[in-house]
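Numbering (our numbering), first residue to last: 3 to 280. All C-beta atoms in this analysis are idealised placements derived from N, C-alpha and C, irrespective of residue type, glycine included. All values reported here derive from a predicted model rather than from experimental measurement.
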(Lines of atoms letter the chains of each structure in order from A and count residues from 1; the text may use other names and numbers.)
(Lines give C-alpha, C1' and ligand atoms only; values in the text may rest on other atoms or scores of the structure.)
Protein backbone atom coordinates (compact mmCIF):
# COMPACT_ATOMS: atom_id res chain seq x y z
CA UNK A 1 0.00 0.00 0.00
CA UNK A 2 1.34 3.43 -0.87
CA UNK A 3 2.13 5.40 2.24
CA UNK A 4 2.83 2.32 4.35
CA UNK A 5 1.04 -0.80 5.49
CA UNK A 6 -2.27 -0.51 7.30
CA UNK A 7 -1.95 -2.38 10.56
CA UNK A 8 -4.34 -5.26 11.10
CA UNK A 9 -4.72 -4.39 14.77
CA UNK A 10 -4.96 -1.16 16.76
CA UNK A 11 -7.11 1.92 16.35
CA UNK A 12 -6.97 3.82 13.08
CA UNK A 13 -8.15 7.35 12.35
CA UNK A 14 -10.44 7.25 9.31
CA UNK A 15 -11.80 10.31 7.50
CA UNK A 16 -14.43 9.65 4.84
CA UNK A 17 -15.83 11.98 2.24
CA UNK A 18 -19.60 11.54 1.91
CA UNK A 19 -20.99 12.43 -1.53
CA UNK A 20 -19.27 10.16 -4.02
CA UNK A 21 -17.90 7.80 -1.37
CA UNK A 22 -20.87 6.79 0.79
CA UNK A 23 -23.82 8.42 -0.99
CA UNK A 24 -24.74 9.11 -4.58
CA UNK A 25 -26.75 12.28 -4.10
CA UNK A 26 -26.53 13.53 -7.67
CA UNK A 27 -30.25 13.01 -8.40
CA UNK A 28 -31.36 14.92 -5.32
CA UNK A 29 -28.84 17.74 -5.67
CA UNK A 30 -29.79 18.23 -9.33
CA UNK A 31 -33.52 18.36 -8.56
CA UNK A 32 -32.85 20.72 -5.62
CA UNK A 33 -30.81 22.89 -7.98
CA UNK A 34 -33.75 23.04 -10.40
CA UNK A 35 -36.10 24.05 -7.55
CA UNK A 36 -33.64 26.71 -6.36
CA UNK A 37 -33.13 28.03 -9.88
CA UNK A 38 -36.91 28.38 -10.24
CA UNK A 39 -36.92 30.62 -7.15
CA UNK A 40 -33.89 32.62 -8.27
CA UNK A 41 -34.76 32.93 -11.97
CA UNK A 42 -38.51 32.22 -12.31
CA UNK A 43 -38.59 33.84 -15.75
CA UNK A 44 -36.29 31.02 -16.95
CA UNK A 45 -37.07 27.97 -14.84
CA UNK A 46 -40.78 28.45 -14.12
CA UNK A 47 -41.57 27.99 -17.78
CA UNK A 48 -42.89 25.10 -19.87
CA UNK A 49 -39.60 25.12 -21.80
CA UNK A 50 -37.52 24.54 -18.67
CA UNK A 51 -39.92 21.90 -17.33
CA UNK A 52 -39.73 20.04 -20.66
CA UNK A 53 -35.93 20.00 -20.39
CA UNK A 54 -35.73 18.95 -16.73
CA UNK A 55 -34.80 15.30 -17.40
CA UNK A 56 -32.16 16.34 -19.95
CA UNK A 57 -30.65 18.85 -17.52
CA UNK A 58 -30.59 16.38 -14.62
CA UNK A 59 -28.80 13.84 -16.82
CA UNK A 60 -26.20 16.41 -17.81
CA UNK A 61 -25.79 17.40 -14.15
CA UNK A 62 -24.68 13.85 -13.40
CA UNK A 63 -22.03 14.12 -16.11
CA UNK A 64 -20.58 17.36 -14.70
CA UNK A 65 -20.79 16.32 -11.03
CA UNK A 66 -17.03 15.56 -10.76
CA UNK A 67 -16.16 19.28 -10.81
CA UNK A 68 -18.56 20.35 -8.02
CA UNK A 69 -16.90 21.35 -4.76
CA UNK A 70 -19.93 22.59 -2.77
CA UNK A 71 -23.66 22.02 -3.26
CA UNK A 72 -24.70 25.56 -4.17
CA UNK A 73 -22.60 25.28 -7.35
CA UNK A 74 -25.31 22.99 -8.73
CA UNK A 75 -27.60 26.01 -9.11
CA UNK A 76 -25.06 27.82 -11.27
CA UNK A 77 -24.36 24.65 -13.24
CA UNK A 78 -27.98 24.01 -14.13
CA UNK A 79 -28.41 27.51 -15.56
CA UNK A 80 -25.16 27.21 -17.51
CA UNK A 81 -26.36 23.92 -18.98
CA UNK A 82 -29.77 25.41 -19.77
CA UNK A 83 -28.05 28.23 -21.64
CA UNK A 84 -26.06 25.81 -23.77
CA UNK A 85 -22.72 25.29 -22.04
CA UNK A 86 -21.55 21.81 -23.02
CA UNK A 87 -20.64 19.05 -20.57
CA UNK A 88 -17.10 18.91 -21.93
CA UNK A 89 -16.64 22.67 -21.61
CA UNK A 90 -17.85 22.62 -18.02
CA UNK A 91 -15.63 19.69 -17.07
CA UNK A 92 -12.62 21.45 -18.56
CA UNK A 93 -13.13 24.96 -17.20
CA UNK A 94 -15.52 24.96 -14.23
CA UNK A 95 -12.92 26.44 -11.88
CA UNK A 96 -12.86 29.58 -14.05
CA UNK A 97 -16.46 29.42 -15.21
CA UNK A 98 -17.99 29.44 -11.72
CA UNK A 99 -16.62 32.81 -10.49
CA UNK A 100 -17.21 34.36 -13.92
CA UNK A 101 -20.90 33.36 -13.95
CA UNK A 102 -21.34 34.29 -10.27
CA UNK A 103 -20.08 37.77 -11.13
CA UNK A 104 -22.07 38.00 -14.36
CA UNK A 105 -25.33 37.10 -12.60
CA UNK A 106 -24.64 39.10 -9.42
CA UNK A 107 -24.60 36.06 -7.13
CA UNK A 108 -23.25 35.88 -3.57
CA UNK A 109 -21.81 32.62 -2.27
CA UNK A 110 -23.33 32.87 1.23
CA UNK A 111 -26.75 33.70 -0.20
CA UNK A 112 -26.50 30.77 -2.63
CA UNK A 113 -25.57 28.38 0.19
CA UNK A 114 -28.56 29.65 2.19
CA UNK A 115 -30.90 29.29 -0.81
CA UNK A 116 -29.76 25.75 -1.59
CA UNK A 117 -30.13 24.77 2.07
CA UNK A 118 -33.58 26.33 2.42
CA UNK A 119 -34.84 24.51 -0.69
CA UNK A 120 -33.68 21.22 0.77
CA UNK A 121 -35.11 22.05 4.21
CA UNK A 122 -38.49 22.88 2.70
CA UNK A 123 -38.46 19.68 0.64
CA UNK A 124 -37.54 17.58 3.68
CA UNK A 125 -40.23 19.23 5.81
CA UNK A 126 -42.91 18.72 3.16
CA UNK A 127 -41.90 15.26 1.91
CA UNK A 128 -38.97 13.50 3.60
CA UNK A 129 -39.45 10.31 1.61
CA UNK A 130 -39.59 12.29 -1.61
CA UNK A 131 -36.31 14.01 -0.74
CA UNK A 132 -34.64 10.73 0.21
CA UNK A 133 -35.79 8.89 -2.91
CA UNK A 134 -33.36 10.44 -5.46
CA UNK A 135 -30.43 9.64 -3.15
CA UNK A 136 -28.84 6.22 -2.90
CA UNK A 137 -26.18 4.70 -0.69
CA UNK A 138 -23.53 2.98 -2.77
CA UNK A 139 -23.89 -0.77 -2.63
CA UNK A 140 -21.33 -2.46 -0.39
CA UNK A 141 -20.33 0.70 1.51
CA UNK A 142 -22.67 1.09 4.51
CA UNK A 143 -21.76 -2.16 6.28
CA UNK A 144 -17.97 -1.58 6.08
CA UNK A 145 -18.52 1.91 7.54
CA UNK A 146 -20.54 0.38 10.38
CA UNK A 147 -17.73 -2.14 10.97
CA UNK A 148 -15.12 0.62 11.07
CA UNK A 149 -17.19 2.65 13.55
CA UNK A 150 -17.06 -0.28 15.96
CA UNK A 151 -13.28 -0.58 15.75
CA UNK A 152 -11.76 2.77 14.88
CA UNK A 153 -12.11 6.54 15.11
CA UNK A 154 -14.30 7.37 12.10
CA UNK A 155 -15.27 10.84 10.86
CA UNK A 156 -17.07 12.22 7.84
CA UNK A 157 -15.41 15.24 6.23
CA UNK A 158 -17.72 16.66 3.59
CA UNK A 159 -18.82 19.72 1.66
CA UNK A 160 -22.43 18.70 2.34
CA UNK A 161 -24.27 20.43 5.18
CA UNK A 162 -23.93 18.23 8.26
CA UNK A 163 -27.61 17.70 9.06
CA UNK A 164 -28.33 16.38 5.55
CA UNK A 165 -25.43 13.96 5.93
CA UNK A 166 -26.78 12.82 9.29
CA UNK A 167 -30.30 12.25 7.87
CA UNK A 168 -28.98 10.23 4.92
CA UNK A 169 -26.71 8.09 7.10
CA UNK A 170 -29.61 7.37 9.46
CA UNK A 171 -32.50 6.94 7.03
CA UNK A 172 -30.80 5.66 3.88
CA UNK A 173 -27.71 3.81 5.14
CA UNK A 174 -29.29 2.69 8.46
CA UNK A 175 -26.07 3.79 10.16
CA UNK A 176 -26.70 6.36 12.92
CA UNK A 177 -23.62 8.58 12.71
CA UNK A 178 -22.73 10.90 15.61
CA UNK A 179 -23.29 14.49 14.46
CA UNK A 180 -20.19 15.67 16.32
CA UNK A 181 -18.14 13.46 13.98
CA UNK A 182 -19.43 15.12 10.82
CA UNK A 183 -17.30 18.04 9.64
CA UNK A 184 -18.97 20.18 6.98
CA UNK A 185 -17.12 22.75 4.89
CA UNK A 186 -20.26 24.36 3.49
CA UNK A 187 -20.53 27.04 6.15
CA UNK A 188 -17.02 27.02 7.66
CA UNK A 189 -15.18 27.01 4.33
CA UNK A 190 -12.25 25.25 6.03
CA UNK A 191 -10.13 23.22 3.61
CA UNK A 192 -10.27 19.49 4.21
CA UNK A 193 -6.53 19.53 4.91
CA UNK A 194 -7.12 21.74 7.94
CA UNK A 195 -9.78 19.35 9.21
CA UNK A 196 -7.44 16.38 8.76
CA UNK A 197 -4.72 18.18 10.73
CA UNK A 198 -7.18 18.91 13.55
CA UNK A 199 -8.33 15.28 13.63
CA UNK A 200 -4.73 14.06 13.73
CA UNK A 201 -4.03 16.34 16.70
CA UNK A 202 -7.14 14.97 18.42
CA UNK A 203 -5.97 11.36 17.93
CA UNK A 204 -2.16 11.38 18.26
CA UNK A 205 -2.00 7.65 19.03
CA UNK A 206 -3.75 6.46 15.88
CA UNK A 207 -1.97 3.50 14.30
CA UNK A 208 -2.77 4.78 10.80
CA UNK A 209 -4.46 7.87 9.36
CA UNK A 210 -6.70 7.09 6.40
CA UNK A 211 -8.48 9.58 4.12
CA UNK A 212 -10.94 8.25 1.53
CA UNK A 213 -12.17 10.65 -1.20
CA UNK A 214 -13.69 10.61 -4.65
CA UNK A 215 -12.35 14.03 -5.68
CA UNK A 216 -8.81 13.81 -6.99
CA UNK A 217 -8.00 17.53 -6.65
CA UNK A 218 -8.72 17.33 -2.91
CA UNK A 219 -6.34 14.40 -2.49
CA UNK A 220 -3.67 16.16 -4.54
CA UNK A 221 -3.87 19.21 -2.26
CA UNK A 222 -3.44 17.00 0.81
CA UNK A 223 -0.55 15.13 -0.85
CA UNK A 224 1.28 18.42 -1.45
CA UNK A 225 1.09 19.40 2.24
CA UNK A 226 4.18 18.11 4.10
CA UNK A 227 2.38 18.36 7.45
CA UNK A 228 -0.12 15.74 6.24
CA UNK A 229 2.43 13.30 4.83
CA UNK A 230 1.51 10.55 7.30
CA UNK A 231 -2.05 10.30 5.93
CA UNK A 232 -2.77 7.38 3.61
CA UNK A 233 -4.76 8.76 0.68
CA UNK A 234 -7.34 6.79 -1.31
CA UNK A 235 -9.39 7.64 -4.39
CA UNK A 236 -12.49 5.47 -4.76
CA UNK A 237 -13.24 4.09 -8.22
CA UNK A 238 -17.04 4.37 -7.86
CA UNK A 239 -17.52 8.06 -7.09
CA UNK A 240 -17.62 11.35 -8.96
CA UNK A 241 -14.36 11.14 -10.87
CA UNK A 242 -13.37 10.46 -14.45
CA UNK A 243 -11.21 7.84 -16.16
CA UNK A 244 -8.61 10.55 -16.81
CA UNK A 245 -8.53 11.47 -13.13
CA UNK A 246 -8.13 7.85 -12.08
CA UNK A 247 -5.23 7.52 -14.51
CA UNK A 248 -3.63 10.63 -12.98
CA UNK A 249 -4.14 9.20 -9.49
CA UNK A 250 -2.53 5.92 -10.53
CA UNK A 251 0.58 7.87 -11.52
CA UNK A 252 0.78 9.67 -8.17
CA UNK A 253 2.83 7.70 -5.61
CA UNK A 254 0.97 9.37 -2.72
CA UNK A 255 -2.50 8.16 -3.80
CA UNK A 256 -3.97 4.65 -4.06
CA UNK A 257 -7.11 3.77 -6.02
CA UNK A 258 -9.67 1.82 -4.02
CA UNK A 259 -12.37 -0.57 -5.22
CA UNK A 260 -15.30 -1.82 -3.11
CA UNK A 261 -13.54 -5.02 -2.01
CA UNK A 262 -10.48 -3.09 -0.91
CA UNK A 263 -12.66 -0.52 0.86
CA UNK A 264 -14.28 -3.30 2.89
CA UNK A 265 -10.85 -4.63 3.83
CA UNK A 266 -9.59 -1.18 4.75
CA UNK A 267 -12.54 -0.45 7.02
CA UNK A 268 -11.90 -3.79 8.76
CA UNK A 269 -8.21 -2.82 9.12
CA UNK A 270 -7.03 -5.68 6.95
CA UNK A 271 -4.04 -5.25 4.68
CA UNK A 272 -4.92 -4.54 1.06
CA UNK A 273 -3.97 -7.02 -1.58
CA UNK A 274 -2.55 -5.76 -4.84
CA UNK A 275 -1.18 -2.43 -3.57
CA UNK A 276 2.53 -2.20 -2.96
CA UNK A 277 4.44 -0.03 -0.58
CA UNK A 278 6.75 2.56 -2.12
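Non-local C-beta neighbours of residue 186 in its own chain, meaning closer than 8 Å and more than five positions away in sequence, comprise 160, 161, 162, 163, 164 and 167, ordered along the chain. Setting aside the 5 residues that flank it on each side, residue 156 is surrounded in the same chain by 16 and 150, each with a C-beta closer than 6 Å to its C-beta; the list follows chain order. Annotation for residue 144: the continuous alpha helix (DSSP H) segment containing it runs 144–153.
Assigned with DSSP and collapsed to three states, residue 215 falls in strand. Inclusion of residue 221 and residue 211 in the CB contact set at 9 Å is not warranted, their separation being larger than that value. By the neighbour-count definition (other C-beta atoms within 10 Å, threshold 16), residue 131 is an exposed residue.
Distances from the alpha-carbon of residue 92 to those of 74, 255 and 70 put 70 closest.
Shown here, residue 138 sits in a strand according to DSSP, grouped into three states.
Per DSSP, reduced to three states, the secondary structure at residue 233 is strand. Beta-bridge analysis with DSSP links residue 25 to 21 and 139.
The beta carbons of residue 217 and residue 142 sit about 20 Å from each other, so the pair does not count as a contact at 8 Å. Counting only runs of 4+ residues, the alpha helix (DSSP H) found wholly inside the region 21–85 occupies 28–42, 44–47, 50–54, 56–66 and 75–84, in chain order. Counting along the chain, no beta strand (DSSP E) covers residue 245; the unbroken alpha helix (DSSP H) around it starts and ends at 245–252.
With respect to the 9 Å criterion, residue 269 and residue 146 are classified as neighbours on the basis of their beta carbons.
Secondary structure of residue 89 (DSSP, three-state): helix. In this model, residue 176 and residue 169 are separated by some 10 Å (Cα to Cα). Beta-bridge partners of residue 157 (DSSP): 17. Taking the C-beta atoms as reference points, residue 84 is found no nearer than 9 Å to residue 118.
In the three-state reduction of the DSSP assignment, residue 260 falls in the strand class.
With respect to residue 237, residue 215 sits close: the two C-beta atoms are nearer than 9 Å.
For residue 118, the enclosing alpha helix (DSSP H) covers residues 111–128. About 22 Å separates the CB atoms of residue 81 and residue 133; that is not less than 8 Å, and the two are not in contact. Secondary structure at residue 224: helix, using DSSP grouped into helix, strand and coil. Residue 205 has its alpha-carbon roughly 33 Å from the corresponding atom of residue 67.
The beta carbon of residue 103 is closer than 7 Å to those of 78 and 82 in its chain, skipping five residues each way along the sequence. Cβ contact annotation for residue 247 (same chain, cutoff 8 Å, sequence separation greater than five): 68, 218 and 237, in chain order. In its chain, beyond the 5 residues on either side, 34, 37, 132 and 133 have a beta carbon closer than 8 Å to the beta carbon of residue 125. Beta bridge pairing from DSSP links residue 186 with 160.
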